[in-house]
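Quick note: to get this note's numbering, add 2 to the position in the sequence shown (first position is 1).
In this text, a Cβ means the ideal position worked out from N, Cα and C, and glycines have one as well.
Below is one structure, written out as structure tokens; the observations come after it.
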Amino acid sequence: AQWNRQPPRLMMVNHTRMLQSVLPEDQHAFERVIVDIRTDIGEWLWLNVLTRVDVLEAVESLANYFLLRNGKFSLALIREIERLKISRLTAHAGPSFMLRGQDLNLALLRASFGTSAQQDPHLTRLRFAMPTGPVRPLLPSLAAGSPSASASAQQLDTPFATVILGTQLQLTYTAPWPLDLVLRPAELTAYGALFACLSALRHTHTRVYQCWSALSNAQRARRRWTRLGEGGGTHADLAARGRLLCCAWGIVRDMGWFLDCVLGYVMTDVIDVEFARFS
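Here it is as structure tokens:
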């Protein structure tokens, strides 16, 4: 990056005139001038300071972690959060039996072990935020007072943000300078909403296949005692058990097939295609 360059003097003069032409009391006009100045500075940085390598690395990291293009890491992260939920939220008491934001940030690092994300420096820019506060076992979140209006609006904007943890969970990205002038909070919020939706799909997909494995293990254990049948009882009981088994297996099979189709379409035909076009 060419750090020795400075914005041209003419640009600074124009920005000064723009600021002098409005009063801070006129909030609408003042904010419009600020947005115009920010856009001019961002375009100048894009042409003179930001390098193509910096931009491509940032786009690649956002796609890997927010759009789940790093599939091995995203699956490991979901499993790590599930492990944390079991270990921290099934205890009875104690200060250690509480799920905080720093625990989830450590889960990010643990999930990266054995994946390509382990050596990725952009991983340190990711953080989990819990707007409603820490979570205790079988108790509401430790929020100070009632949730604010902004938090409620944010919850409506991201309807999938509670799927993984059961409470509001947001993945944030700390963009370094000067990328923070290009990746503004609105763009990062959109990436966070996409992560919430995609991770909810992946989480549900994983749970469905865990259910399939549980049904299979239970069936094999039952066969040790019932052999080829479904256990004792009358013919009506046997028929009812058979119908229940077929219904259970059919529901799980249909759910797995549906989620396979949805994830395959979203990840391949939407995200991969649009990412390649954008790159």
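Following the DSSP letters along the chain, one finds tyrosine 175 inside the beta strand (DSSP E) bounded by residues 172-175. Separation of glutamine 120 and phenylalanine 75 (C-alpha to C-alpha, rounded to the nearest whole angstrom) is 9 Å. As a beta-bridge residue in DSSP terms, arginine 129 pairs with Thr174.
Residue environment analysis places phenylalanine 260 among the exposed positions, since fewer than 16 neighbouring C-beta atoms fall within 10 angstroms of its C-beta.
Closest option to aspartate 56, judged by alpha-carbon separation, among Leu181, Tyr211 and Pro136: Leu181. Using a Cβ-Cβ distance cut-off of 8 Å, the region 35-42 and the region 166-181 are not in contact, since fewer than three pairs of beta carbons, one from each stretch, lie closer than that value.
The continuous alpha helix (DSSP H) containing histidine 17 extends over residues 11-22. Rounded to whole angstroms, alanine 278 and valine 272 show a C-alpha spacing of 10 Å. If you look at tryptophan 46, you'll find it in the alpha helix (DSSP H) that goes 29-50.
Judged by DSSP secondary structure, phenylalanine 277 falls within the alpha helix (DSSP H) whose first and last residues are 275-280. In the three-state reduction of the DSSP assignment, valine 137 falls in the strand class, which pools E and B.
Here the alpha carbons of arginine 138 and cysteine 263 stand approximately 36 Å from one another.
Under the three-state reduction of DSSP output, leucine 64 falls in the helix class.
Restricting attention to Met257, Val24, Gln8 and Met13, the CA atom closest to the CA of arginine 209 is found in Met257. Below 8 Å, too few C-beta pairs join the region 100-117 and the region 235-242 to call them touching: fewer than three. Cβ atoms of leucine 125 and leucine 110 come within 8 Å of each other, at about 7 Å. Look at leucine 101 here: in three-state DSSP terms it is strand. Apart from the 5 residues on each side of it in sequence, arginine 127 sits with its Cβ closer than 6 Å to the Cβ of Tyr175 and Thr176 in its chain, given in chain order.
Judged by beta-carbon spacing, leucine 77 lies within the 8 Å limit of arginine 204, meaning their Cβ atoms are closer than that value.
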